[in-house]
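Chemist: So the sequences go chain by chain: A and B.
The opening residue of the first sequence carries number 71 in this note's numbering; numbering runs sequentially from there.
The opening residue of the second sequence carries number 968 in this note's numbering; numbering runs sequentially from there.
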Amino acid sequence: VILISAAEIYDYVSTVTADYTTTTLTIKAQGVVTEEGQKNQVIHLADDNSEERITLSTGSIFYVSWDWAQLSESDAGTIMDLYHDSAKANGMGNSFKWTAHDGHTYVVRFAMPLTRSGNALSRWGFQGIRLRILGRIAD
Amino acid sequence: MLALTTTQAAIVASESKRVIWAIYIYDKNGVGYCSILATLNATVWESGTVWETDTVWDNGENLGTALIMDFDGIELRRAMAEESIISPSEVTFTMSAPFSTLTYFWESGTAWESGMAWDNGANSENLGTAFAYSNFTGGTVFIELWLGGVGYNDTKITSWKFNIKKAEPGYQKLKFVCEDFLQKYLRGNYPNTRLVEDIFPSNRTYNADNGGKVCVPVPFGTAYVPLRDVFIAGAGYLMLGDPANTFTITKVRSPRSIGGKSEWDSGTSTFTQSSKTDASAVNWRVFQAIIADSNNDGVADAHGFWKAGENFYDTPVKFTRSDTATMTAFGDVIEFVLKDMGVPAANINSATFTTANVTYAVWGLLCNGAFWYQQTREAVLAELLNSCHSTLRVGEKIELHVLAKASQKTITPAEILRSQGIGEGSFTYSDVLSENYSDSGYAEWQESGESQDDFNKVLIPAGTTMVTPSSLILRLRFVQDSDIVQTLTKLWLQRKLLREANLSFLVKGNCCALQPDDVITINHANYGGTHDILIDSMKINKDLSIQISGGHYGT
């Protein structure tokens, strides 16, 4: 585990079991990795500018996103297969295990259509990877 | 307005709240499914754990999360008895149909199959069972509103019980359309009793305004209403009802349509009761009024009846029935009628009916009369509510409340919401463009001791003048006090004639203790000054913002 912050997503999600457990996605993210966290809350604004803050759920909602600029033929195939195999991630349908940039393993699902593009060297990359964090695997 | 405890009131008033909707769905076979639209502070409570004052986690309840997809709140409406309707409260939501994540919850003490291991302390398990959507129609949905706040644990504020009208499948979802559970009991006619001529059929025809609908009467207190004269084994008899009750007959009079009034009382005439068996082997209590002189000897010796051409008249009879003879408080009468319509006693908050009766007693309001012809159940209930200036509120149980004009809350800019950072808020005011300039209407009622099939008609002002009477009529056939009749009619006419504007606005969740039929005061120059509003409907949204619609009334 690489401690990249005194507090990590791992600290705010609970332990869950993935739908697809045979393998873990371990291909490292590339470039800038963005963690997006929020809570299910609504802020009511009144005519006198006062607020009423409504928390619909105390649990945090996390997304992680990045681009894979270039991947080996093998890795590109692994991701393609993970996404499209109905017995694996099945698009956004099944959760799976993912070893994250912080070294922890999370249970995630894809939260985007899978977009692949290549260059003249036949190296493939995936743009706009976005995962919804559903929970963690205890470590 | 909801009566909140100190803790509940503090949470409701808090600026920062946790909102939790708990939804329990029972299909028509009693199988339960549960959804909590948030995780309560702790996941599983031990059986019987008491969590702060007023919060008890019932044995057997389960906190499994299920898949309610687009629940956006519930819509509550006031009964609107002045329009002869009992408006439904409604809720609509969609549940995901792949039941792999739905959780059954079981009542405590459920017997399991031999060999099935059930963990100690666990009261739910994800069974992943397939379902039949057709089982949900006719089922029940309980919805609980829980709030928590800074320094306060999650606390149940209120709850509602709905009947599932429709559960429609489509694309692995079920769309539930639900209405408050009272509504299903309002379909059909009342009294439930059969038409008298259907019980003892013959070739007789009848001459009466309600000729086709006269049924076995349901009296309260002392009734003086027309009873049908049926032909049984060669003779005529007036139908009283179930022989399990004792009937006391004190007067019979000639039908109003025949000549002058003639009346016979039990002191000087004989009313001979007997039991007769119909073709279905059911016994009925009937009687003959021995008021006719069949041999011209000056002594009444035969059952008297009235007939014009081939048509028989219904005979007005003053009588009581043993189980309802002393039932003269409207709260008791409405509770009786609700139960008679099929509402289970467990779904009636009897304490509120008792409280309302105290108010009626202070007014001197008594109920005497009978339902003797069939009407729609909705009209029956609206008539009773109009007769006691009261309303029904349907939550988890049915409550009876006397209508009151006292304002329950003042709404200011601190409550009314706006949807954008800068600009106008959600308040709207629209004048009622009425072409009816009437200022008065009529009450129909009858004095004590007179038969209740025709009525005195008196003009009553909605305000102070009676310059332009309307044709509106409030029939108060159960009320015999003329002063009370005037007051009840005036209050009814105010709702019918004096509405000046419709108002609508979105408010904070700190108004969630308000209820339809409450009066509130709105107060600020941005809202046209100060006016009282009668709440017609409240849509309590999932995020606890509340859309209030109501009316402002003139004087």
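Quick reminder that beta carbons are idealized off the backbone N, C-alpha and C, glycines included.
Could you confirm whether any beta carbon from chain A is found closer than 8 Å to the beta carbon of residue 984 of chain B?
Modeler: For the purposes of this step, residue 984 of chain B is identified with residue 17 of the second sequence, where counting begins at 1. Yes, contact with chain A.
Chemist: Put residue 985 of chain B into one of helix, strand or coil per three-state DSSP.
Modeler: The residue labelled residue 985 of chain B in the question sits at position 18 within the second sequence. If DSSP states are grouped into helix, strand and coil, residue 985 of chain B belongs with the strands.
Chemist: Interface residues of chain A around residue 1381 of chain B at Cβ under 7 Å?
Modeler: Indexing the second sequence from 1 puts residue 1381 of chain B at position 414. Result: 116, 118 and 120.
Chemist: Is it buried or exposed, residue 1310 of chain B, if we count other Cβ atoms within 10 angstroms and call 16 or more buried?
Modeler: One-based indexing of the second sequence puts residue 1310 of chain B at position 343. Under this definition residue 1310 of chain B is a buried residue.
Chemist: Counting contacts by CB-CB distance shorter than 8 Å, is residue 1513 of chain B in contact with chain A?
Modeler: Your numbering for residue 1513 of chain B matches position 546 in the second sequence. Not one chain A Cβ lies under 8 Å of residue 1513 of chain B.
Chemist: Sorted by chain position, which residues of the same chain lie with C-beta nearer than 7 Å to residue 1125 of chain B's C-beta, five sequence neighbours on each side aside?
Modeler: On the second sequence, residue 1125 of chain B is found 158 positions in, with the first residue counted as 1. Excluding sequence neighbours, residue 1125 of chain B sits near 969, 1112 and 1362.
Chemist: Note down, in chain order, each residue of its chain lying with its Cβ closer than 7 Å to the Cβ of residue 1220 of chain B, except the 5 sequence neighbours on either side.
Modeler: Counting from one through the second sequence, the residue named residue 1220 of chain B turns up at place 253. Excluding sequence neighbours, residue 1220 of chain B sits near 1228, 1229, 1230, 1283 and 1418.
Chemist: Check residue 1505 of chain B in the structure and name its three-state DSSP category.
Modeler: One-based indexing of the second sequence puts residue 1505 of chain B at position 538. In the structure shown, residue 1505 of chain B sits in a strand (DSSP, three-state: E or B).
Chemist: Looking at chain B, is there any beta carbon in it that lies within less than 8 Å of the beta carbon of residue 126 of chain A?
Modeler: For the purposes of this step, residue 126 of chain A is taken as residue 56 along the first sequence, with counting starting at 1. Output row for residue 126 of chain A: interface = yes.
Chemist: Just how far apart, CA to CA, sit residue 138 of chain A and residue 188 of chain A?
Modeler: For this step, residue 138 of chain A is matched to residue 68 along the first sequence. For this step, residue 188 of chain A is matched to residue 118 along the first sequence. For residue 138 of chain A and residue 188 of chain A, the distance between alpha carbons rounds to 11 Å.
Chemist: Compile a chain-ordered list of the residues in the stretch 83-96 of chain A whose CB is closer than 8 Å to at least one CB of chain B.
Modeler: Hits within the stretch: zero.
Chemist: Taking 8 Å as the threshold (beta carbon to beta carbon), is residue 102 of chain A in contact with chain B?
Modeler: Working through the first sequence from its first residue, we reach residue 102 of chain A at position 32. It does not: the Cβ of residue 102 of chain A has no partner Cβ on chain B nearer than 8 Å.
Chemist: If we ignore side chains and look at the alpha-carbon of each, how far apart do residue 206 of chain A and residue 99 of chain A end up?
Modeler: Counting from 1 along the first sequence, the entry for residue 206 of chain A is found at position 136. Counting from 1 along the first sequence, the entry for residue 99 of chain A is found at position 29. Cα-Cα distance, rounded: 18 Å.
Chemist: Tell me, please, whether the CB atom of residue 1481 of chain B is closer than 8 Å to any CB atom in chain A?
Modeler: Reading the second sequence from its first residue, position 514 is the one you call residue 1481 of chain B. With 8 Å as the cut-off, residue 1481 of chain B does not count as an interface residue toward chain A.
Chemist: Let me confirm a value: residue 1115 of chain B is counted as buried when at least 16 other C-beta atoms fall within 10 Å, else exposed. Which label applies?
Modeler: Here the question's residue 1115 of chain B lines up with position 148 in the second sequence. Buried: at least 16 other Cβ atoms inside 10 Å.
Chemist: Per DSSP, which one or two residues make a beta bridge with residue 1049 of chain B?
Modeler: Reading the second sequence from its first residue, position 82 is the one you call residue 1049 of chain B. Note: residue 1049 of chain B sits in no beta bridge, so no partner.
Chemist: By how many angstroms is the C-alpha of residue 1445 of chain B removed from the C-alpha of residue 1264 of chain B?
Modeler: Locating residue 1264 of chain B in the second sequence gives position 297, counting from the first residue. Locating residue 1445 of chain B in the second sequence gives position 478, counting from the first residue. Each residue's Cα considered, the two are about 40 Å apart.
Chemist: Using CA coordinates, which residue listed in B/1156, B/1193, B/1036 and B/1245 is at the minimum distance from residue 1200 of chain B?
Modeler: Indexing the second sequence from 1 puts residue 1200 of chain B at position 233. Of B/1156, B/1193, B/1036 and B/1245, the residue nearest in Cα terms is B/1245.
Chemist: For residue 1273 of chain B, which beta-bridge partners are listed by DSSP?
Modeler: In the second sequence, the residue the question calls residue 1273 of chain B occupies position 306. Looking at the DSSP assignment, residue 1273 of chain B forms no beta bridge with any residue, so it has no partner.
Chemist: Check whether the Cβ of residue 1496 of chain B lies closer than 8 Å to any Cβ atom in chain A.
Modeler: As a first step, residue 1496 of chain B is located in the second sequence; it is residue number 529 there, counting from the start. It does not: the Cβ of residue 1496 of chain B has no partner Cβ on chain A nearer than 8 Å.
Chemist: Beta-carbon within less than 6 Å of residue 78 of chain A's beta-carbon, same chain only, minus the 5 sequence neighbours each way: which residues are those?
Modeler: Here residue 78 of chain A refers to the residue found at position 8 when the first sequence is read from its first residue. Excluding residues within five positions, the ones whose Cβ falls inside 6 Å are 172.
Chemist: For the 8 Å Cβ check, are there 3 or more pairs between the stretch 1349-1362 of chain B and the stretch 1045-1054 of chain B?
Modeler: Yes, since at least three Cβ pairs between the stretch 1349-1362 of chain B and the stretch 1045-1054 of chain B fall closer than 8 Å, the two stretches touch.
Chemist: Buried or exposed, going by whether 16 or more other CB atoms sit within 10 Å of the CB of residue 1294 of chain B?
Modeler: On the second sequence, residue 1294 of chain B is found 327 positions in, with the first residue counted as 1. Per the 10 Å Cβ criterion, buried.
Chemist: In whole angstroms, what is the alpha-carbon distance linking residue 1267 of chain B and residue 1257 of chain B?
Modeler: If you number the second sequence from 1, residue 1267 of chain B lands on position 300. If you number the second sequence from 1, residue 1257 of chain B lands on position 290. Approximately 6 Å between the Cα atoms of the pair.
Chemist: For residue 156 of chain A, list the residues DSSP reports as bridge partners.
Modeler: Within the first sequence, the letter at position 86 stands for residue 156 of chain A. Answer by DSSP bridge pairing: none, since residue 156 of chain A is not bridged.
Chemist: Taking the continuous alpha helix (DSSP H) assigned at residue 1301 of chain B, which residues delimit it?
Modeler: Working through the second sequence from its first residue, we reach residue 1301 of chain B at position 334. From DSSP, the alpha helix (DSSP H) with residue 1301 of chain B extends over 1297-1307.
Chemist: Taking the alpha helix (DSSP H) that residue 1165 of chain B falls in, what are its first and last residues?
Modeler: Reading the second sequence from its first residue, position 198 is the one you call residue 1165 of chain B. 1163-1166 is the span of the alpha helix (DSSP H), which, as asked, contains residue 1165 of chain B.
Chemist: Here's a check: name, in chain order, each residue in its chain whose Cβ is nearer than 6 Å to the Cβ of residue 108 of chain A, leaving out the five neighbours to either side.
Modeler: For the purposes of this step, residue 108 of chain A is identified with residue 38 of the first sequence, where counting begins at 1. Once the five neighbours on either side are set aside, the close Cβ partners of residue 108 of chain A are 131.
Chemist: CB-CB under 8 Å to residue 110 of chain A, same chain, minus the five flanking residues each way: which ones, in chain order?
Modeler: Working through the first sequence from its first residue, we reach residue 110 of chain A at position 40. For residue 110 of chain A, where only same-chain residues beyond five positions count, the Cβ hits under 8 Å are 125, 126, 127, 129 and 131.
Chemist: Taking Cβ-Cβ distances shorter than 7 Å, what residues in chain B pair up with residue 112 of chain A?
Modeler: Numbered from its first residue, the first sequence carries residue 112 of chain A at position 42. Here the neighbours are 1510.
Chemist: Of the residues B/1039, B/1460 and B/1250, which one's Cα is nearest the Cα of residue 1144 of chain B?
Modeler: Locating residue 1144 of chain B in the second sequence gives position 177, counting from the first residue. It is B/1039 whose Cα lies nearest to the Cα of residue 1144 of chain B.
Chemist: Check whether the stretch 1183-1191 of chain B and the stretch 1322-1341 of chain B touch, using three or more Cβ-Cβ pairs below 8 Å as the test.
Modeler: The stretch 1183-1191 of chain B, when compared against the stretch 1322-1341 of chain B, does touch it at the 8 Å Cβ threshold.
Chemist: Is residue 1383 of chain B helix, strand or coil by DSSP?
Modeler: Position 416 of the second sequence, counting from 1, holds the residue named residue 1383 of chain B. Residue 1383 of chain B: strand per DSSP, three-state reduction.
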